[in-house]
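Under our numbering, the letters of the sequence shown match residues 2 to 240, in that order.
Glycine included, each C-beta is placed from N, C-alpha and C at the ideal position.
Working notes, beginning with the structure itself.
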Amino acid sequence: MKKNILTIYGINPLYEAIKYKKKIYKIFIIKKFINLKLKKIIKFSYLKKIPIFEIFKKNNKNNQGVFAIIDPIEFYKIEDIIPNIYYNGKIPLLLILDSITDVRNFGSIVRTSACTGVDAIIISNNKIVNSDSIKTSSGGLFKVPICKEKNIIKIIKILKNYGIQIIAVTEKTDYICYNINYRNPTAFILGSEEKGISINYLSICNNRVKLPLIKNSLTSLNVSVACGAILYEALRQRL
Numbered sequence: 002m003k004k005n006i007l008t009i010y011g012i013n014p015l016y017e018a019i020k021y022k023k024k025i026y027k028i029f030i031i032k033k034f035i036n037l038k039l040k041k042i043i044k045f046s047y048l049k050k051i052p053i054f055e056i057f058k059k060n061n062k063n064n065q066g067v068f069a070i071i072d073p074i075e076f077y078k079i080e081d082i083i084p085n086i087y088y089n090g091k092i093p094l095l096l097i098l099d100s101i102t103d104v105r106n107f108g109s110i111v112r113t114s115a116c117t118g119v120d121a122i123i124i125s126n127n128k129i130v131n132s133d134s135i136k137t138s139s140g141g142l143f144k145v146p147i148c149k150e151k152n153i154i155k156i157i158k159i160l161k162n163y164g165i166q167i168i169a170v171t172e173k174t175d176y177i178c179y180n181i182n183y184r185n186p187t188a189f190i191l192g193s194e195e196k197g198i199s200i201n202y203l204s205i206c207n208n209r210v211k212l213p214l215i216k217n218s219l220t221s222l223n224v225s226v227a228c229g230a231i232l233y234e235a236l237r238q239r240l
């Protein structure tokens, strides 16, 4: 069997893996959990001659009665993606994630990105791409290209050369997020809740923006919630 394989859990992630033509090696099912969508998965597996194995109890994952062995998530180079975005007549909308390590936050960010038309997500830590983040993304990791880059400062400079404005979403500013034009090519940077965005990245951004909070509230939002809010503002403007 192929090395570096990945196990995914649940009906929706597997359904999306099939939809986006991921290579699937084996499928494991619990028959008592079979529903209409799982029947479609079984039918597909018979057509593609993918081995199906019956199991009789759940493991410690919330697998909804099914899990599968698939090829790992493919990583892309942002320099290959940007020209294609412009060639297809799109206005780039990108995310740069700085030091985010929580796989569920990452999965939620990817899911929202898939719903709002994000063209690619740039990360420096590939450990967050695993079965848990795939499940939390509801299969979004099969739809949104993920770019693994070690030198984020270099990437920011490349994006600027392509005419993409770099917007840091941070509480370290007085500038409200609704005052920027996101109809222009845009890349948002989001940092981890523990450390926020690196000062090295903040220093070369075009703008810093924050989400408004009511007086005497908490000082910040969960990063996946903040990501959803800023992406839907960008989508609102573009619609």
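- Under DSSP, residue 226 takes part in no beta bridge, so it has no partner.
- Between the region 182–200 and the region 141–148 there are fewer than three C-beta pairs closer than 8 Å, too few to call the two in contact.
- In the DSSP assignment, residue 19 falls within the alpha helix (DSSP H) that extends over 12–20.
- Residue pairing for residue 77: DSSP places it in a beta bridge opposite 148.
- With fewer than 16 other Cβ atoms inside 10 Å of its own Cβ, residue 204 counts as exposed.
- Bridge partners of residue 197 according to DSSP: 193.
- Inclusion of residue 125 and residue 196 in the CB contact set at 7 Å is not warranted, their separation being larger than that value.
- Counting along the chain, residue 162 sits inside the alpha helix (DSSP H) bounded by residues 153–162.
- The three-state secondary structure of residue 99, taken from DSSP, is strand.
- Assignment of residue 168 by DSSP, reduced to helix, strand and coil, places it in the strand class.
- Taking a cut-off of 8 Å for Cβ pairs, the region 35–55 and the region 6–22 touch, as three or more such pairs fall below it.
- For residue 214 against residue 231, the beta-carbon gap comes to about 14 Å, at or over 8 Å, which does not count as contact.
- The C-beta of residue 103 has 16 or more other C-beta atoms within 10 Å across all chains shown, which makes the residue buried.
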